[in-house]
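Protein chains in written order, with this note's numbering: chain A, 57 to 317; chain B, 567 to 697. Cβ coordinates follow ideal geometry from the N, Cα and C atoms, glycine included. Computed from a predicted structure; not experimentally measured.
Rendered as structure tokens:
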């Protein structure tokens, strides 16, 4: 900027424009800060967007504590914790990719972007196993909730069932299954609502992870082509910011859904 | 150039920055320490959930999540070193979230009694028993 005194050799002659500088910006610094402001506005919107889901969660939980208590048994906290660590690690590598871009470590940049992408993939693979297992068991959203087999039920759920209906022990086969679905489904606890909340929240988060994989694939190609340098790395920084928000949301989703029943 | 002020923090890490670098360079040590802290807090969250202390479980888990989230915002997302305006965008969104959750829960509480009543008097087939 012309008002700065940091560089005594500033003259009034226009310096040559770097090829990365878009026509509507004065300096690369302007361009970087404007891009970042745009990204922060988007992230602020993301928080508000998820705020609606967190509110829905809070209302359901406030009104149906027992439903959340039993529903939580269906979720494997070990898988949730694994995914938490995976995302935290990928957040570090994402932050590291910004550092590599600033220090113009080209190989480091490509490597950290690749690791971040692989972590995102790992997260989705774990999520895939969680989702397919729930669909297999029949622990799904709304009216579709229907348990197919007593053997699929987690220990905590079975204990809860016998505690609330000791007569279950005398029943067998279809009769027992019907009684169980009556207790857990829409006539009883209404676990379909719990799983609607679960699939909505983790599903929207999962879509964000997929979008993150898309933009990281794009960054990977650009990093390979050597597009970034210490004065032009806004894309790396802004994608990393997005990725941190995805991590941030999971930091809240994990205890709320998997841990505190 | 105005970029010069980005390096005036006297914080660790700026020493390795190349001349003319835009933005704050976070040191490798800081990144690793932040990650390890977040892992430690995750372990504490999981361990704390194994002990049943009623409502305190929710409060504790959320408190730790807020600490973790703040660490992510301040260090990984550079808000400590960034323009204050970006910080206030995030803060504004979070406060709006809290306001919305709080206000709606306040409202929900008003109907809790009716809901309990309905649940108690409901028969298995979902119909309400006549009084």
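query: Could you give the residue range of the alpha helix (DSSP H) that holds residue 653(B)?
result: Residue 653(B) sits at position 87 when you count from the first residue of the second chain. Counting along the chain, the alpha helix (DSSP H) containing residue 653(B) begins and ends at 650 to 687.
- prompt: Hey, how far is the Cα of residue 606(B) from the Cα of residue 260(A)?
  reply: Mapped onto the second chain, residue 606(B) falls at position 40. Mapped onto the first chain, residue 260(A) falls at position 204. So the two alpha carbons sit approximately 27 Å from each other.
query: Based on the DSSP secondary-structure assignment, which residues constitute the bridge partners of residue 285(A)?
result: Taking the first residue of the first chain as position 1, residue 285(A) is located at position 229. The partner list for residue 285(A) (beta bridge, DSSP) reads 288(A).
- prompt: Between residue 262(A) and residue 183(A), is the Cβ-Cβ spacing less than 9 Å?
  reply: Counted from its first residue, the first chain places residue 262(A) at position 206. Counted from its first residue, the first chain places residue 183(A) at position 127. Going by C-beta atoms, residue 262(A) is nearer than 9 Å to residue 183(A).
query: Between residue 754(B) and residue 108(A), is the Cβ-Cβ spacing less than 9 Å?
result: There is no way to answer for residue 754(B), as the model of chain B reaches only from 567 to 697.
- request: List the residues of chain B that residue 147(A) touches, going by C-beta distances under 7 Å, in chain order.
  value: Here residue 147(A) refers to the residue found at position 91 when the first chain is read from its first residue. Residues of chain B passing the Cβ test: 638 and 642.
message: Just to make sure I have the definition right: I need the residues of chain B whose C-beta is within less than 8 Å of the C-beta of residue 311(A). Which are they?
response: For the purposes of this step, residue 311(A) is taken as residue 255 along the first chain, with counting starting at 1. Residues of chain B passing the Cβ test: 611, 615, 627, 628, 630 and 631.
- prompt: Is the CB of residue 683(B) under 9 Å away from at least one CB in chain A?
  reply: The count along the second chain starts at 1 and reaches residue 683(B) at position 117. Chain A, which has no Cβ nearer than 9 Å to the Cβ of residue 683(B), makes this no.
field: Rounded straight-line distance, which links the Cα of residue 213(A) to that of residue 312(A)
entry: Your numbering for residue 312(A) matches position 256 in the first chain. Your numbering for residue 213(A) matches position 157 in the first chain. In this structure, the alpha-carbon of residue 312(A) lies about 18 Å from that of residue 213(A).
field: Contact between the stretch 241 to 255 of chain A and the stretch 268 to 282 of chain A (3+ Cβ pairs under 8 Å)
entry: Note that the stretch 241 to 255 of chain A does not touch the stretch 268 to 282 of chain A; fewer than 3 beta-carbon pairs, one per stretch, sit closer than 8 Å.
query: Is DSSP giving residue 169(A) helix, strand or coil here?
result: Looking up residue 169(A) in the first chain gives position 113. Of the three classes helix, strand and coil, the one that applies to residue 169(A) here is helix, per DSSP.
query: So what's residue 251(A) in DSSP terms, helix, strand or just coil?
result: Within the first chain, residue 251(A) is the residue found at index 195, counting from 1. Here DSSP, grouped into helix, strand and coil, assigns residue 251(A) to helix.
- prompt: Using Cβ-Cβ distances below 8 Å, what residues of the stretch 111 to 139 of chain A are close to chain B?
  reply: 111, 114, 115, 118, 119, 133 and 137
message: Please state the DSSP three-state secondary structure of residue 636(B).
response: Within the second chain, the letter at position 70 stands for residue 636(B). DSSP places residue 636(B) in helix when its eight states are reduced to three.
- prompt: Under 9 Å between C-beta atoms, does residue 76(A) make it to chain B?
  reply: Position 20 of the first chain, counted from the start, is the residue given in the question as residue 76(A). With 9 Å as the cut-off, residue 76(A) does not count as an interface residue toward chain B.
- prompt: For the alpha helix (DSSP H) that residue 113(A) lies in, which residues bound it at each end?
  reply: By 1-based counting over the first chain, the position of residue 113(A) is 57. Start and end: 84 to 119.
- request: Examine chain B for any beta-carbon lying closer than 9 Å to the beta-carbon of residue 165(A), and answer yes or no.
  value: Counting from 1 along the first chain, the entry for residue 165(A) is found at position 109. It does not; no Cβ of chain B falls within 9 Å.
Reference residue 193(A); option with closest CA among 310(A), 233(A) and 283(A): Locating residue 193(A) in the first chain gives position 137, where the first residue counts as 1. Taking only the C-alpha atoms, the option nearest residue 193(A) is 233(A).
Through-space distance from residue 582(B) to residue 621(B), alpha-carbon basis: Along the second chain, read from residue 1 onward, the residue named residue 621(B) stands at position 55. Along the second chain, read from residue 1 onward, the residue named residue 582(B) stands at position 16. Computed Cα separation, rounded: 48 Å.
- prompt: What is the C-beta distance between residue 674(B) and residue 137(A), in whole angstroms, given that I count them as a contact (C-beta under 8 Å)?
  reply: Reading the second chain from its first residue, position 108 is the one you call residue 674(B). Reading the first chain from its first residue, position 81 is the one you call residue 137(A). Between residue 137(A) and residue 674(B) the Cβ distance is about 30 Å, and since that is not below 8 Å, they are no contact.
query: Can you list the residues of chain A that residue 635(B) reaches, using a CB-CB cut of under 8 Å?
result: As a working note, residue 635(B) is residue 69 in the second chain. Under the 8 Å cutoff, chain A gives 304, 307 and 308.
task: With a floor of 3 residues, list each beta strand (DSSP E) that falls wholly inside the stretch 576 to 610 of chain B, ordered by position along the chain.
output: You should have found no qualifying run.
field: Alpha-carbon spacing of residue 201(A) relative to residue 249(A), whole angstroms
entry: As a position in the first chain, residue 201(A) is number 145, starting the count at 1. As a position in the first chain, residue 249(A) is number 193, starting the count at 1. Taking the straight line joining both Cα atoms gives about 9 Å.
query: Whose CA, out of 220(A), 140(A), 153(A) and 246(A), lies closest to the CA of residue 310(A)?
result: Here residue 310(A) corresponds to residue number 254 of the first chain, with the count starting at 1. Measuring from the Cα of residue 310(A), the nearest candidate turns out to be 140(A).
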